[in-house]
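Those sequence lines, one after another, are chains P, H and R. Under the numbering used here, the residue at position 38 of the first sequence is numbered 23, and the numbers go up by one with no gaps. Under the numbering used here, the residue at position 67 of the second sequence is numbered 52, and the numbers go up by one with no gaps. Under the numbering used here, the residue at position 5 of the third sequence is numbered -10, and the numbers go up by one with no gaps. Idealized CB from N, CA, C, for every residue including glycine. Structure record follows, encoded as structure tokens.
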Amino acid sequence: MTEIQRIGVTRRWSDVVIHHGTAYFVEVADDPQQDATGQVAQVLAQIDARLALFGSDRTDLLQVLIYLADLSDGGELNELWDNWVPTGHAPSRACVQAALSPGYRVEMVITAAVRQSGQGTSVPPDIGQSDRQ
Amino acid sequence: MTEIQRIGVTRRWSDVVIHHGTAYFVEVADDPQQDATGQVAQVLAQIDARLALFGSDRTDLLQVLIYLADLSDGGELNELWDNWVPTGHAPSRACVQAALSPGYRVEMVITAAVRQSGQGTSVPPDIGQSDRQ
Amino acid sequence: MTEIQRIGVTRRWSDVVIHHGTAYFVEVADDPQQDATGQVAQVLAQIDARLALFGSDRTDLLQVLIYLADLSDGGELNELWDNWVPTGHAPSRACVQAALSPGYRVEMVITAAVRQSGQGTSVPPDIGQSDRQ
Chain P
-14 MTEIQRIGVT
-4 RRWSDVVIHH
6 GTAYFVEVAD
16 DPQQDATGQV
26 AQVLAQIDAR
36 LALFGSDRTD
46 LLQVLIYLAD
56 LSDGGELNEL
66 WDNWVPTGHA
76 PSRACVQAAL
86 SPGYRVEMVI
96 TAAVRQSGQG
106 TSVPPDIGQS
116 DRQ
Chain H
-14 MTEIQRIGVT
-4 RRWSDVVIHH
6 GTAYFVEVAD
16 DPQQDATGQV
26 AQVLAQIDAR
36 LALFGSDRTD
46 LLQVLIYLAD
56 LSDGGELNEL
66 WDNWVPTGHA
76 PSRACVQAAL
86 SPGYRVEMVI
96 TAAVRQSGQG
106 TSVPPDIGQS
116 DRQ
Chain R
-14 MTEIQRIGVT
-4 RRWSDVVIHH
6 GTAYFVEVAD
16 DPQQDATGQV
26 AQVLAQIDAR
36 LALFGSDRTD
46 LLQVLIYLAD
56 LSDGGELNEL
66 WDNWVPTGHA
76 PSRACVQAAL
86 SPGYRVEMVI
96 TAAVRQSGQG
106 TSVPPDIGQS
116 DRQ
């Protein structure tokens, strides 16, 4: 019996991987047709939805690494981000520029706490749907 | 007595660092003379070898952050990757473009589970040879 | 009662987040007016100070992801780095190039071990001052 829990497993990646009470996941906008603001808003909403899959929420974020295709989108990012992060519960955050797949403006790498230990959660390993291509 | 285990320690980095049942390591191709496909194949093989050092394998990958020197190598990456990842055990994965040291086409940052707790493994802290420059 | 400990919490990020005995933090130079060497020296000193906040030191580093605005600063980075890392305690390390906010030459993403478990430390969650903008 494994101590690793995977949610939304595809051939290429899992939407979430949980181990020892820590969750690892990566988000890009489901709809990359939108502009930077639209994509950041999507990614933040997707993080909420992902966290809910294993009983966590925004207050459980540990670290977020943000890759922007263009750092000049940082203003739009921060405006949405600052209103999204719960007061007193901000994660560690890095933000750098990196070229992303065509059309994508933002990619976030998230580490979050799972309230119950990874082995103790009741989330089955095959729930959740992958919505990245 | 430390709870941190380091494998392949050099002056600049350790090949693997294990703490609380989680292993952290970074791979670039041992031979950067090869093209992107050759370098990705090397890195994946190096990950296998590294995981074996502490009794884990590909099914224990938690998260992989992939830096490609050129995102247009993504097709070659994915073809090798998809055949390498064990069905049902895909890690969380991010892939962005970043300039790397001259000649290098890919760098991977790996987080993996250690089957026994970090403190409980029998791997001595000085095994393994560093093969990065 | 939460098992997550945050130090230097601002609206946008926390200076350090600790969970399950692992600390996550990100450093850029407090004074980005300095050149690459000056900024690397600052960041390394800031890491020392940050680690001390929760009773750890350089021997507790697990992984450091280094983003350089210009990889040609790698020589200066390595000279300072090699003298800073304690012999036998080098972390896992990645180093890639990424555009950073204007003026910044280096950004480091750090994962470190906390000597006592996150829940057992006596560090209050509100100590430490954020010194990033």
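Contacts of residue i in chain A (Cβ-Cβ under 8 Å)
i	result
R/LEU65	Included in the structure are the protein chains P, H and R, with no chain A among them.
Buried or exposed by the 16-neighbour rule on C-beta atoms within 10 Å, applied to residue i
i	result
R/GLY40	exposed
H/THR72	exposed
H/ALA34	exposed
H/GLU64	exposed
H/GLY88	exposed
Pairwise C-alpha distance: residue j and residue i
i	j	result
P/ALA30	P/ARG43	10 Å
R/GLU61	R/THR22	6 Å
R/VAL70	H/ASP67	37 Å
H/GLN19	P/GLN18	36 Å
H/LEU46	P/ALA98	18 Å
H/LEU38	H/SER(-1)	13 Å
H/ALA14	H/VAL25	7 Å
H/VAL(-6)	H/ALA54	26 Å
H/ARG(-4)	R/ALA75	7 Å
H/LEU56	R/LEU56	18 Å
H/VAL1	R/VAL1	23 Å
R/LEU36	R/THR7	11 Å
R/ASP58	R/VAL81	11 Å
H/ALA83	R/ALA83	6 Å
H/ILE32	H/ARG100	16 Å
R/TYR9	H/TYR9	14 Å
Within-8 Å CB hit, residue i to chain R
i	result
P/ARG78	yes
H/ALA84	yes
P/GLN(-10)	no
P/LEU56	yes
P/ASP0	no
P/ASP88	One point to set straight first is that residue 88 of chain P is Gly, not Asp, in the sequence displayed. Taking Cβ atoms only, chain R never reaches closer than 8 Å to P/GLY88, which makes this a no.
P/VAL81	yes
P/ALA14	no
Close Cβ partners of residue i (< 6 Å) along its chain, the five nearest in sequence each way excluded
i	result
H/VAL94	VAL11 and LEU50
H/GLN48	PRO76, SER77 and THR96
P/ALA79	LEU50
8 Å CB neighbourhood of residue i in its chain, flanking five on each side removed
i	result
P/LEU85	VAL13, TYR52, ALA54, VAL91 and GLU92
Any C-beta of chain P under 8 Å from that of residue i
i	result
H/VAL70	yes
H/HIS5	yes
R/ARG(-3)	yes
R/VAL(-6)	yes
R/VAL11	yes
H/ALA37	no
H/ALA75	yes
Same chain, Cβ closer than 7 Å to residue i, five either side skipped, listed in chain order
i	result
R/ASP16	GLN27
H/ASP116	At H/ASP116, the pLDDT of 47 sits below 50, so the modelled position is not reliable; the number obtained from the coordinates is stated separately. Answer for H/ASP116: ASP15, listed in chain order.
Within-8 Å CB hit, residue i to chain H
i	result
P/VAL94	yes
R/LEU47	yes
R/LEU50	yes
R/ALA98	yes
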